[in-house]
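Step one of this worksheet: look at the structure below.
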Amino acid sequence: MTKRTVLTGITTTGTPHLGNYVGAIKPCIEASHRDDVNAYYFLADYHSLVKNKDPEKVRQSTLEIAATWLALGLDTETAMFYRQSDIPEITELTWIITCSTAKGLMNRAHAYKAVVQDNVASGEDPDFGINMGLFSYPILMAADILMFGSTHVPVGKDQIQHLEMARDIAQRFNHHYGEILVLPEAVTSEHVAMLPGKDGRKMSKSYNNTIPLWLSEKQLRKAIMRIVTNSLEPGEPKDPDDSALFAIYAAFANDEQRAEMRQAYADGIAWGQAKQQTFELINGELAEGRERYQDLITHPARIEEVLVAGAAKARRFASPYLARIREAVGLRSLA
Ligand code: TRP
């Protein structure tokens, strides 16, 4: 059986939210149970340093995101689960591939370009507030992916460009040094790739529109009640495809539930009722995990132990592979 290597990371900024759950954590935990999958899931704490300059927040977010994966049942015996900064091979590889990455490729990165455009629009220096971490971010991400020979990388649509860049970088490297790096493929799924936030834009820490995953039952209900809807009255038909509330419901629902809710919208379900049903569905799915999360988050030493063991396991792959890469580029023993 040829196995696929599925790898994904979550940047450790902020508190895990529903978008992280449906977009990454849940499908990845499911994938990790398949026989034909080698799973690598990690905490992208180096990536978080680009924006997050508060050391305590870096630590807290790492703790919360790690606890989330574990609370939701990731089996760390079968899946590799580690913290990026515990794998020095990743940063070594970052430099090696930095030297075969065209600067022009980085100039084209959407995330970087957006900041430059904002700067220009507001009359600032184009480079205002831009550190080299932001500029080189896609190279670090490529190293995360290439270090483990990843074949499939589940990501949100906003990350597809980064995957294309990782392929470009790998191709250019291989062209010069031989077929060593594996070209990864982005995997996006229709229902989950773009969970909208409370305001209808993509749920993202950058937009400040997230619903945190581990709210209490009461807080979760409140947050769902605050999702923006239009002013259609009960009894008036509503368009599910133009509704953030429906998209959020759909991300948690099975096919049958999704079809029923679609019909309910057409039949003019009241927004309040649609919200109540959305709350019940999500709360039902998260209730058990919530208890395990609360337990884990108060025992950080247990989480640390899991991460340290995970890093040791991941390095058993990364270390010999990096040795081959070093050899290929000429970083060789002289003896
Ligand atoms: N850039 C990704 C995000 O913000 C996080 C990330 C870092 C990642 N390294 C990765 C995702 C490698 C997939 C693979 O969502």
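Numbered per our numbering, the sequence shown spans residues 872 to 1206.
We treat Cβ as the ideally placed atom computed from N, Cα and C, and that holds for glycine.
Subject >> Nearest candidate by alpha-carbon position, reference L1084, set H1023, T873 and I896 >> reply: On the sequence shown, position 213 is the one that residue 1084 refers to. With distances taken between Cα atoms, L1084 lies closest to I896.
**OP:** Can you give me the Cβ contacts of R1043 inside the same chain, cut-off strictly under 6 Å, excluding the 5 residues immediately before and after it?
**Re:** One-based indexing of the sequence shown puts residue 1043 at position 172. Closer than 6 Å at the Cβ level, and outside the excluded window around R1043, lie S971.
Subject >> Residues near T884 in its chain [Cβ-Cβ closer than 7 Å; skip 5 each side] >> reply: If you number the sequence shown from 1, residue 884 lands on position 13. So the list reads S919, K922, N923, S932 and K1076, once near-sequence residues are dropped.
Original post:
Mind checking A1013: buried by the 16 CB within 10 Å criterion, or exposed?
Top reply: Reading the sequence shown from its first residue, position 142 is the one you call residue 1013. Looking at its Cβ environment, which holds 16 or more other Cβ atoms inside 10 Å, A1013 is buried.
Original post:
At which residues does the beta strand (DSSP E) containing G880 begin and terminate?
Top reply: If you number the sequence shown from 1, residue 880 lands on position 9. Where G880 is concerned, the enclosing beta strand (DSSP E) stretches over R875 to T882.
**OP:** Measure the beta-carbon distance from A1118 to L1066 and round it to whole angstroms, keeping in mind my assumption that it falls under 8 Å.
**Re:** What you label residue 1118 is simply residue 247 of the sequence shown in a count that begins at 1. What you label residue 1066 is simply residue 195 of the sequence shown in a count that begins at 1. Indeed they touch by this definition, with Cβ atoms about 7 Å apart.
**OP:** For L1052, collect the residues of the same chain with a Cβ closer than 6 Å to its Cβ; drop the 5 residues on either side in sequence, then sort them by chain order.
**Re:** Here residue 1052 is taken as the residue at index 181 of the sequence shown, counted from 1. Non-local C-beta neighbours of L1052 in its own chain, meaning closer than 6 Å and more than five positions away in sequence, comprise L1017, A1041, F1044 and N1045, ordered along the chain.
Original post:
Buried or exposed: K1069, going by 16 or more other Cβ atoms within 10 Å of its Cβ?
Top reply: Start at 1 with the first residue of the sequence shown, and residue 1069 comes out as number 198. K1069 comes out buried.
Subject >> Neighbour-count burial assignment, S1204, 16 or more Cβ in a 10 Å radius >> reply: Here the question's residue 1204 lines up with position 333 in the sequence shown. S1204 comes out exposed.
Original post:
With distances taken between CB atoms, is the gap from A1185 to F999 smaller than 9 Å?
Top reply: Taking the sequence shown and counting its residues from 1, the one referred to as residue 1185 is at position 314. Taking the sequence shown and counting its residues from 1, the one referred to as residue 999 is at position 128. Contact flag unset, no.
Original post:
Do you know how far the Cα of G1160 is from the Cα of A942?
Top reply: For the purposes of this step, residue 942 is taken as residue 71 along the sequence shown, with counting starting at 1. For the purposes of this step, residue 1160 is taken as residue 289 along the sequence shown, with counting starting at 1. A straight line joining the alpha-carbon of A942 with that of G1160 spans about 5 Å.
Subject >> Where L1167 sits in the DSSP three-state scheme >> reply: Walking along the sequence shown from the start, residue 1167 turns up at place 296. Helix.
Original post:
For H1033, is the beta carbon positioned less than 8 Å from some heavy atom of the ligand TRP?
Top reply: For this step, residue 1033 is matched to residue 162 along the sequence shown. Yes.
Original post:
Since E1131 is in the alpha helix (DSSP H), which residue starts that stretch and which ends it?
Top reply: Here residue 1131 refers to the residue found at position 260 of the sequence shown. From DSSP, the alpha helix (DSSP H) with E1131 extends over D1126 to A1137.
**OP:** Could you tell me which residues DSSP pairs with F913 in its beta bridges?
**Re:** Within the sequence shown, the letter at position 42 stands for residue 913. Bridge partners of F913: G880 and Y953.
Subject >> Run of the alpha helix (DSSP H) containing P1111, from where it starts to where it stops >> reply: The residue you call residue 1111 lines up with position 240 of the sequence shown. Counting along the chain, P1111 falls outside any alpha helix (DSSP H), and DSSP gives it neither H nor E.
Original post:
Since P1055 contacts C899 with CB under 8 Å, what's their CB separation in whole angstroms?
Top reply: The residue given as residue 1055 occupies position 184 in the sequence shown. The residue given as residue 899 occupies position 28 in the sequence shown. Contact flag wrong, Cβ pair sits at about 15 Å.
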